[in-house]
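Line by line, the protein sequences are chains B and A. Just so we're aligned, residue 1 is where the first sequence starts under our numbering, counting upward by one. Just so we're aligned, residue 533 is where the second sequence starts under our numbering, counting upward by one. Note that the Cβ used here is the ideal one computed from N, Cα and C, for glycine as well. Presented below is the structure to which this report refers.
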Amino acid sequence: MAAEHQSTGGESDGESQLPLGASIAAAAVSAAVLLPVVWLVGTGVGVGLDSAVALLTRPTTLEVFVNSALLVALTTAACVAIGVPLAYLTVRTDLPFRRFWTIAVSLPLVIPSYVGAFAFVSAFGPQGDFQRLLAPLGVERIPEIYGLEGTVLILTLYTYPYVYITARASLKSMDTTLIDAARTLEHDRWETFRRVTVPQIRPAVAAGALLSGLYVLADFGTPAIMRYDVFTRVIFVEFGTFGRDTAILLSLQLVAVTVFILWLEARVRGEERTTAGGRSRAPVELGRWRYPAVAPVAAVAGLALVVPVAILVSWLGASSGATQPLAFRWSYAFNSVTVSAAAAAVAVVAAVPVAYLSARYGGQLADAFERISYVGYAVPGVVLGLALVFFGSSYATPVYQTLYLLVFAYVIRFLPQSVGSLRASFLSVDPELPEAARTLGQSSAGAFRHVTLPLVAPGLFGGAALVFLTTMKELPATLLLRPSGFTTLVTHIWTAYESGYFGQAAIPALVLLLVSGLSMLVILRQEGYDVQ
Amino acid sequence: MHDPNDTHRTRRKFLAAAAAAGVVGVAGCNTPDEGGDGTETEAETETSGGDGGGGSADPDQIGSGRGPFGDRELGGVSMEEMPDLEGELTVYSGRGEALVGELVGFIDDLYPDLTIRPRYNTAAELVSQIETEGQNSPADVFYSVNAGALGTLADRDRTRALPREVLEFVPANFRDPDGEWIGTSGRARSVPYNTDALAASDIPEDIMAFPDTDAFEGEVGWTPTYSSFQAFVTAMRILEGEDATREWLVGMQDLGASTYGDEFQIARAVADGEIAVGLANHYYIQRVLARRPNAPLDTAFTRNDAGAIFNVAGACVLDTASDATLASNFVRHLLSAEAQDYFARETFEYPLVPDVDPVGRLPTIDELNPPEGLDLSELSDLEATVSLLRETGAL
């Protein structure tokens, strides 16, 4: 990093003194993230106090807030309960076909959650395909899919990869010699996991859980299809009735809730510094559980990936013979991969100074930079997109409705994914290692590049993977900011879905999975680690 | 296979043939076999020589009169007789690419000096986008799924009046009284019902009687967040008053109305027997039937009330249009014989130009009984409707 050249001296002298270059870079990133919020606040305030008070004191307000809180809490807990064991199985054990399962259980992140929700309702709803399959067996009714439980199920299936990917990165860079040490102290395997592994991966799991929780808070499509009434629906009712300013005001309430969650998370973070050297030993042998252990992994991936694809393909069959107005083109896949790769690269580069300062130095300013990076993630994509429509059309006409502004929007929206993943990795780097390198004659930048960066590589690529996969499925900001005629896989899926040509969404959805899977393979290879 | 010029000539020829068929049809000389064969051959030539701009794998072509419910002939004014389009045009389309992309691509391909840049999104988001872009908006034309979005832009002084010769294509009740926007195709509110569960005679002809219909208990579906439904409740407020509407909303909830996200879901749920009856725009039923002709699904209409309103999809020219003449001539093309026939066949909507009939198991536009004296642009006043929906707990 160029920033590191100027930080000579600051690093070794004291923890409180932030290196100047990295600070400027982090401040610039924070300013970019706050830019849209400035417009949101200006517009939201314009609505006036009376409307704001009236909106807040409606009888349904409390109910939807409670509903949202329940949904966020339950889904986040479920994501941790699924994501961490999957990460452990695919990193630390001798599970068969680990590389395949690593990719398979990451991929639900690219399925747009409304597509997942639609598929689950089609499959498991009353009179759905699943019920019809069971009908000959005398099954009259299957459990209700609509409502809180169904919404939690579906959002968990499509957001646990946040926890999975961050936890996985952390497990990969963990110093497993500590586990050996614990084992020699005659802790059993579970005790070792609880006392050694859990504290080491806690910051990463917390970062992933935060990403899952905030995603759920700002998601609209799934609760709408699952008929579960949450706060975002209130916002979208306003958009649907051309009350843009009121919708923005309501979105600011989401930002306020997010700030509260971030504050809460910072409070419970506690002692996070862990040390790791990237020394790892042979994986845990599952023994006779080696093949049975595949079952839960396959079940999660199967449920999240096979159900939507199977439903879409069945619609494809049902609609053959009818007119087919939406031909698929490979350029859509190329477009998706190009913008997603660009967004991932920029998001990781922008995240380095923010994550590094927060993990390595801490302090109010560094933490503020890190927390601010979450703001763009907290507002629904359509609101963030409109803010950039304003700035683009008013002040940046040359880049308005070009890919530059679109990638900028993705970066602002998904920055916390790379920051969270990277920060957890920086935390696990023993600060003495780069210092040792410096005593051996490396410059500050050299020590960062040759010692710190290789150690955080899993977090770096984990963050890139998260941004890449979520950009692959991003829809609302894409629709507002894309160049005219620019079609991605997901805009194509949306076009088919929105017009009721569900079958036409099958091919782009399959291509989305295929292309994302191949891209994940490339990303994982870059890690340079021993995924088998 | 063909070079672009060649394709273009072929298209012109095909349009001329289609127009000729139209004239024949209007004159009452029915020669469906000859006309059908002729146009079909032209259409296939056009498809194979085309650049795939519409992305269509569909042998049916614009202006051919062919459709899933049988062939027919065209009436109205052909694109051939309209002013040529030349220049660059940015169209913000709240109508889906799957539904109108082929038509927009067709018009684009028709004129070598015309470039259309369509931008597809939901109508509500495009209104927000136009509002946010302000005077820097690149948009020339806004093409909307409903009159409400058009009326909103007109109310906010973002539209430019259309010329009289464009407005005259449709009857006065399908356009803005001040000429700020025009309807291009119509959608009737209707009552989809499951024919295994109910008979046509079980459906009241009065929408206000629905809450008192015992047969609907636990069997009715609605879409409180859906814009067409909100327009319908707005109509009820205007026609029946706030109190009666409130009573109706409460009564429907007492019936145990199931909430759905959109009206295509309603039509499918009725066809599946998940519910026996629902409230939906007419074309969703036709779309389910086109795919599943034997589904136990049929359409009922109420009479002269909010349940029978007839709304339009339409277009307006924006105040930011760089070439207002080009923009209004594009809107004129949406009223051509070819476009009107396209709407009937591809989206199962009602054509608004009087010479083109609807397609499907539907009454003609004259056989519908929409309420009298309702101005469609009044339906854009959704604010009070949303308040009422919230107050009664429907939202």
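Do you know offhand how far residue i's Cα is from residue j's?
i: residue 175 of chain B; j: residue 454 of chain B; result: 14 Å
i: residue 644 of chain A; j: residue 619 of chain A; result: 10 Å
i: residue 209 of chain B; j: residue 298 of chain B; result: 22 Å
i: residue 551 of chain B; j: residue 452 of chain B; result: Because chain B here runs from 1 to 532, residue 551 of chain B falls outside it and cannot be looked at.
i: residue 418 of chain B; j: residue 164 of chain B; result: 14 Å
i: residue 233 of chain B; j: residue 792 of chain A; result: 13 Å
i: residue 31 of chain B; j: residue 367 of chain B; result: 15 Å
i: residue 835 of chain A; j: residue 899 of chain A; result: 10 Å
i: residue 675 of chain A; j: residue 903 of chain A; result: 25 Å
i: residue 510 of chain B; j: residue 309 of chain B; result: 7 Å
i: residue 436 of chain B; j: residue 525 of chain B; result: 29 Å
i: residue 404 of chain B; j: residue 499 of chain B; result: 29 Å
i: residue 515 of chain B; j: residue 337 of chain B; result: 8 Å
i: residue 913 of chain A; j: residue 772 of chain A; result: 16 Å
i: residue 815 of chain A; j: residue 80 of chain B; result: 45 Å
Give every residue of the same chain whose Cβ lies closer than 7 Å to the Cβ of residue i, excluding the five residues on either side of it in the sequence, and list them in chain order.
i: residue 204 of chain B; result: 166, 167, 169, 170, 424
i: residue 701 of chain A; result: 867, 885
i: residue 342 of chain B; result: 407
i: residue 84 of chain B; result: 163, 167, 205
i: residue 390 of chain B; result: 39
i: residue 871 of chain A; result: 635, 865
Helix, strand or coil, according to DSSP, for residue i in the structure here?
i: residue 722 of chain A; result: strand
i: residue 371 of chain B; result: helix
i: residue 854 of chain A; result: coil
i: residue 936 of chain A; result: The displayed coordinates of chain A run from 533 to 927. Any statement about residue 936 of chain A would go beyond what the structure contains.
i: residue 97 of chain B; result: coil
i: residue 758 of chain A; result: coil
i: residue 861 of chain A; result: helix
i: residue 813 of chain A; result: strand
i: residue 42 of chain B; result: helix
i: residue 830 of chain A; result: strand
i: residue 753 of chain A; result: strand
i: residue 215 of chain B; result: helix
i: residue 154 of chain B; result: helix
i: residue 649 of chain A; result: strand
i: residue 507 of chain B; result: helix
i: residue 895 of chain A; result: coil
On the CB-based measure, 16 or more other CB atoms within 10 Å of its CB, does residue i come out buried or exposed?
i: residue 826 of chain A; result: exposed
i: residue 681 of chain A; result: buried
i: residue 62 of chain B; result: exposed
i: residue 306 of chain B; result: exposed
i: residue 880 of chain A; result: buried
i: residue 800 of chain A; result: buried
i: residue 395 of chain B; result: exposed
i: residue 613 of chain A; result: exposed
i: residue 742 of chain A; result: buried
i: residue 652 of chain A; result: buried
i: residue 202 of chain B; result: buried
Give me the Cβ distance between residue i and residue j, rounded to the nearest whole Å; I'm assuming they're in contact under 8 Å.
i: residue 332 of chain B; j: residue 475 of chain B; result: With 8 Å as the limit, residue 332 of chain B and residue 475 of chain B do not qualify as a contact, their Cβ atoms being about 13 Å apart.
i: residue 369 of chain B; j: residue 379 of chain B; result: Not really, about 19 Å apart at Cβ, beyond 8 Å.
i: residue 464 of chain B; j: residue 523 of chain B; result: 6 Å
i: residue 415 of chain B; j: residue 362 of chain B; result: About 19 Å; that fails the 8 Å criterion.
i: residue 861 of chain A; j: residue 617 of chain A; result: 6 Å
i: residue 93 of chain B; j: residue 294 of chain B; result: At roughly 11 Å, the Cβ-Cβ gap does not stay under 8 Å, so residue 93 of chain B and residue 294 of chain B are not in contact.
i: residue 723 of chain A; j: residue 811 of chain A; result: 6 Å
i: residue 249 of chain B; j: residue 54 of chain B; result: 11 Å between Cβ atoms; not a contact.
i: residue 692 of chain A; j: residue 856 of chain A; result: 6 Å
i: residue 372 of chain B; j: residue 45 of chain B; result: Going by Cβ atoms, the distance from residue 372 of chain B to residue 45 of chain B rounds to 20 Å, so no, they are not a contact pair.
i: residue 220 of chain B; j: residue 236 of chain B; result: 5 Å
i: residue 767 of chain A; j: residue 921 of chain A; result: No, residue 767 of chain A and residue 921 of chain A are not in contact; Cβ-Cβ is about 14 Å, not under 8 Å.
Less than 8 Å between C-beta atoms, sequence neighbours within five positions excluded: which residues of the same chain meet that for residue i?
i: residue 807 of chain A; result: 726, 751, 752, 753, 790, 798, 801
i: residue 587 of chain A; result: Because the pLDDT at residue 587 of chain A is just 34, under 50, the model does not fix this residue reliably, and the value given afterwards should be weighed accordingly. Result list for residue 587 of chain A: 633, 634, 637, in chain order.
i: residue 303 of chain B; result: 157
Going along the chain, which residues of its own chain have a beta-carbon closer than 6 Å to the beta-carbon of residue i, five neighbours each way excluded?
i: residue 615 of chain A; result: 861
i: residue 926 of chain A; result: 756, 781
(request) Please list the residues of the stretch 642 to 662 of chain A that have a C-beta atom closer than 8 Å to any C-beta atom in chain C, keeping them in chain order. (result) Judged by its chain identifiers, the structure shown contains no chain C, and its protein chains are B and A.
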